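Asker: In the UniProt record's numbering, the protein residues as written are 1 to 181. Cβ coordinates follow ideal geometry from the N, Cα and C atoms, glycine included. These numbers were taken from a predicted model, which means no experiment stands behind them.
#1: Rounded to the nearest angstrom, what separates residue 62 and residue 49 at their Cα positions?
#2: Quick one: what's got a C-beta closer than 8 Å to residue 13's C-beta in the same chain, skipping five residues either side?
#3: Does the Cβ of residue 115 have 16 or more other Cβ atoms within 10 Å, making it buried, or fewer, making it exposed?
#4: Using the Cβ count rule (16 or more neighbours within 10 Å means buried), how would you classify residue 177?
#5: Alpha helix (DSSP H) containing residue 11: first to last residue?
#6: Work out the CA separation of residue 31 and residue 51 for me, nearest whole Å.
#7: Rounded to the nearest angstrom, how far is the Cβ of residue 94 from that of residue 88, given a contact under 8 Å?
#8: Start and end of the alpha helix (DSSP H) containing residue 40?
#9: Quick check on the DSSP output: the alpha helix (DSSP H) that includes residue 108 runs from which residue to which?
#10: Measure the C-alpha to C-alpha separation of residue 183 and residue 174 and round it to an integer number of angstroms.
#11: Does residue 64 come out as helix, strand or coil in the three-state DSSP assignment?
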């Protein structure tokens, strides 16, 4: 056995498919996903009994969804609004009805003393209408100003709610910033 004879010796070729019990790796890969896509023959055989049942289920579900969609569109759709006008009072009566905005405007004028408007409504006018700036002073600007929030410990000393040690909202900073609170 010289060194020349060892180079001429080749590995034996695999026996033909009909004599083998198992597939080689390459043959197995070719049969599992032929062409790289699609289903193998064994998977097609396994799914074949369920094909009709799955198709019927898909058609039923699709028709249900389309039916619900069509019903909801037809229920909401209204092209003719002539019946809405029948529900409104006559124009002469509508012009005499005072709106909330009219009452608030008259109350504000009465409070300032600029005018004395007589209300057409049997309801008394509210005399304690506050301008928006006075309402803002009643509402706390931060949750830390509300006493029951502070008592329950939902707010830390810097006024941050539920996130202890979070930076203030006015100056969030950057991700790389390291601060100890």
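Answerer: The short version:
#1: 21 Å
#2: none
#3: Caution applies to residue 115, whose pLDDT of 46 falls short of 50 and renders its modelled position unreliable; the value that the coordinates give is listed next. Residue 115 comes out exposed.
#4: exposed
#5: Careful: residue 11 lies outside any alpha helix (DSSP H) and carries neither H nor E.
#6: 22 Å
#7: 7 Å
#8: Membership of residue 40 in any alpha helix (DSSP H) is not indicated, and neither H nor E is assigned to it by DSSP.
#9: 100 to 112
#10: The question about residue 183 has no answer, for the chain in this structure spans 1 to 181.
#11: helix
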